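Engineer: For the sequence shown, the positions run 755 to 1065 when the working numbering is used.
Positions of the beta carbon are idealized from the N, C-alpha and C atoms, including for glycine.
Quick caveat, the model's predicted, so the values are computed rather than measured.
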Amino acid sequence: MGDHPKALSYYEKALAIRQQPLSSNDPDLADIYNNIGIVYYSMSEYLKALSYYEKALVIKQQLLSSNHPDLGDSYNNIGNVYTSMGDFPKALSCLEKALAIRQQSLPSNHPHLGDSYNNIGNVYTSMGDYPKALSCLEKALAIRQQSLPSNHPDLASSNYNIGMVYDSIGDYPKALLSHEKALIIRQQSLLSNHPHLGDSYNNIGLVYDKMSDYPKALSSHKKAFAIRQQSLPLNHPDLGNSHYNIGLMYYNTGDYPKALSSHKKALAIRQQSLLSNDSDLAKSYDSMRLVCNKMGDYSKALSYLEKALAI
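1. Express the C-alpha separation of LYS1048 and GLN1072 in angstroms, rounding to a whole number.
2. Just confirm the distance between the C-beta atoms of TYR920 and SER954, as a whole number of angstroms; I'd bet it's less than 8 angstroms.
3. Measuring only the C-alpha atoms, how far is ARG1043 from LYS1018?
4. Report all residues from its chain with a CB closer than 7 angstroms to the CB of ILE923; omit the five preceding and five following residues, and keep chain order.
5. Who are the near neighbours of HIS864 in its chain, counting only those whose CB is closer than 6 angstroms to its CB and skipping five residues on each side?
6. Taking MET797 as part of the alpha helix (DSSP H), name the residues at either end of that continuous run.
7. ALA1020 and GLY1008 look like a contact to me (Cβ under 8 angstroms); what is the Cβ gap, rounded to whole Å?
8. Kindly give me the distance between the Cβ atoms of ILE855 and ASN821, rounded to whole angstroms, as I take these residues to be in contact under 8 angstroms.
9. Work out the CA separation of LEU817 and GLY952 for me, nearest whole Å.
10. For LEU888, I'd like the list of residues in its chain whose CB is within less than 6 angstroms of its CB, leaving aside the five on either flank, ordered along the chain.
11. If we call anything under 7 angstroms between Cβ atoms a contact, is ILE958 one with HIS933?
12. Please give the ranges of any alpha helix (DSSP H) in the segment 904–948, keeping only runs that are unbroken, at least 4 residues long and fully inside the region.
13. For a quick check, are the C-beta atoms of LEU849 and SER828 less than 7 angstroms apart?
14. Here's the rule I'm using: 16 or more other beta-carbon atoms within 10 Å means buried, otherwise exposed. How should TYR1052 be labelled?
15. Within 10 Å of its beta-carbon, does LEU867 have 16 or more other beta-carbons around it, so buried, or fewer, so exposed?
16. Pick out the complete alpha helix (DSSP H) segments inside the segment 822–849, 4 residues or longer, and give them in chain order.
17. Along the chain, where does the alpha helix (DSSP H) that runs through MET881 open and close?
18. Would you decide whether ASP1034 is buried or exposed? Buried here means 16 or more other CB atoms lie within 10 Å of its CB.
19. Is the CB-CB distance between SER870 and LEU891 below 7 angstroms?
20. For ALA1072, I'd like the list of residues in its chain whose CB is within less than 6 angstroms of its CB, leaving aside the five on either flank, ordered along the chain.
21. Just the Cα atoms here: how many angstroms apart are ASN872 and LYS1061?
22. How far does the alpha helix (DSSP H) with ASP992 in it extend, from its first residue to its last?
23. My output table needs one value for ALA1062: the three-state DSSP class, helix, strand or coil.
24. Taking DSSP as the reference, what is the three-state secondary structure of MET965?
25. Going by CA-CA distance only, name the one from LEU945, ASN956, GLN941 and GLN942 that's closest to LEU930.
26. Under the rule that 16 or more other beta-carbon atoms within 10 Å means buried, what is SER760, buried or exposed?
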């Protein structure tokens, strides 16, 4: 992702220099505010990102026509911050403003329009409004298919997001088809150990699990784990999730010793990771309880149950 502290230092120095001779509504100031916002957003410093994005927007509103594409970009950036913060109504409001401006100012197949529909679709997914999510995500895909190369990562993202919606509404064949399309594009456009490839294999595994095809699910989860092991820190939650999913597949196929081993590895990572939540720990303990029950080790099963209930 680059060296965020160095980038931030550079932009803050530029801001200090340019604030002196420039008026408060100079377009160069808006660009610097926007760039600082981008860095903070990349660092997951959402409140700081929001502050700088809003400063950039105020200047742009003073200088630009109401349908200028740069205003659309600002509303889009602010909407993405609200999405990351989980404030979906505010996110939707900003992203819809961005879309309205882009519809007025850009060609109908411009990639930024695809981005807007994609971002709005993801918010609707997070809100559980799957029909609206699917409608927006399919519009995004259609625009991206017209405007981007066939192996562009954004096309993979569109198929991936559509697959997530189909998964959520229980249409597993369509979910699988979309995730496999995303995987093929990612295999063409990304490094072989890129985390997004791991995400694709992971979600394909989850769909196969729901379709009760446990051997294929296990194979996909093992591929996801192998990629994540190469590309992520040792205590990253996604590594814990891969161990957990592999453990579930071993449980479903009756290989209880391997299931227990995988769940113990998942638990160890989840205990170390600051990003893991209590529900993940509880799920690990409960899954280990189920495995121990199947193995006839009822005292350990009881111990794991007590630990799960204590969380």
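Structural biologist: In terms of the structure at hand:
1. Nothing about residue 1072 can be reported from this structure: the residues present for the chain run from 755 to 1065 only.
2. Taking the first residue of the sequence shown as position 1, residue 920 is located at position 166. Taking the first residue of the sequence shown as position 1, residue 954 is located at position 200. In fact, because the Cβ distance is near 14 angstroms, the residues do not count as touching under 8 angstroms.
3. Along the sequence shown, read from residue 1 onward, the residue named residue 1043 stands at position 289. Along the sequence shown, read from residue 1 onward, the residue named residue 1018 stands at position 264. Computed Cα separation, rounded: 11 angstroms.
4. Locating residue 923 in the sequence shown gives position 169, counting from the first residue. Correct list, in chain order: TYR884.
5. Here the question's residue 864 lines up with position 110 in the sequence shown. None.
6. In the sequence shown, the residue the question calls residue 797 occupies position 43. Segment: none, MET797 is in no alpha helix (DSSP H) and carries neither H nor E.
7. Taking the sequence shown and counting its residues from 1, the one referred to as residue 1020 is at position 266. Taking the sequence shown and counting its residues from 1, the one referred to as residue 1008 is at position 254. About 19 angstroms separates the two Cβ atoms, so there is no contact after all.
8. Along the sequence shown, read from residue 1 onward, the residue named residue 855 stands at position 101. Along the sequence shown, read from residue 1 onward, the residue named residue 821 stands at position 67. Contact annotation, ILE855 with ASN821: C-beta distance approximately 5 angstroms; criterion of less than 8 angstroms satisfied.
9. In the sequence shown, the residue the question calls residue 952 occupies position 198. In the sequence shown, the residue the question calls residue 817 occupies position 63. About 44 angstroms.
10. In the sequence shown, residue 888 corresponds to position 134, counting from 1. Only VAL919 meet the Cβ criterion.
11. Along the sequence shown, read from residue 1 onward, the residue named residue 958 stands at position 204. Along the sequence shown, read from residue 1 onward, the residue named residue 933 stands at position 179. Against a cut-off of 7 angstroms, the Cβ pair of HIS933 and ILE958 comes out as a contact.
12. Those alpha helix (DSSP H) runs which fall completely within the segment 904–948 and span 4+ residues are 907–922 and 926–943.
13. Here residue 849 corresponds to residue number 95 of the sequence shown, with the count starting at 1. Here residue 828 corresponds to residue number 74 of the sequence shown, with the count starting at 1. Not a contact, by the Cβ cut-off of 7 angstroms.
14. Here residue 1052 corresponds to residue number 298 of the sequence shown, with the count starting at 1. So TYR1052 ends up on the exposed side.
15. As a first step, residue 867 must be located in the sequence shown, where it is residue number 113. The residue in question, LEU867, is buried, as its Cβ has 16 or more Cβ neighbours within 10 Å.
16. Runs of the alpha helix (DSSP H) inside the segment 822–849: 823–839.
17. Taking the sequence shown and counting its residues from 1, one reaches residue 881 at position 127. First-last of the alpha helix (DSSP H) with MET881: 865–881.
18. Taking the sequence shown and counting its residues from 1, one reaches residue 1034 at position 280. ASP1034 should be labelled buried.
19. Position 116 of the sequence shown holds residue 870. Position 137 of the sequence shown holds residue 891. Not a contact, by the Cβ cut-off of 7 angstroms.
20. Any answer about residue 1072 is impossible in this case: the structure gives the chain only from 755 up to 1065.
21. Stepping through the sequence shown from its first residue, residue 872 is reached at position 118. Stepping through the sequence shown from its first residue, residue 1061 is reached at position 307. Answer to the nearest angstrom: the Cα atoms are 41 angstroms apart.
22. Indexing the sequence shown from 1 puts residue 992 at position 238. Start and end: 991–1006.
23. Along the sequence shown, one-based indexing puts residue 1062 at 308. Reduced to three states, the DSSP call for ALA1062 is helix.
24. By one-based count along the sequence shown, residue 965 stands at place 211. If DSSP states are grouped into helix, strand and coil, MET965 belongs with coil.
25. In the sequence shown, residue 930 corresponds to position 176, counting from 1. The shortest C-alpha separation from LEU930 is found at ASN956.
26. Along the sequence shown, read from residue 1 onward, the residue named residue 760 stands at position 6. The sequence shown places Lys at residue 760, rather than the Ser named in the question. Classification of LYS760: exposed, given that the 10 Å Cβ count is below 16.
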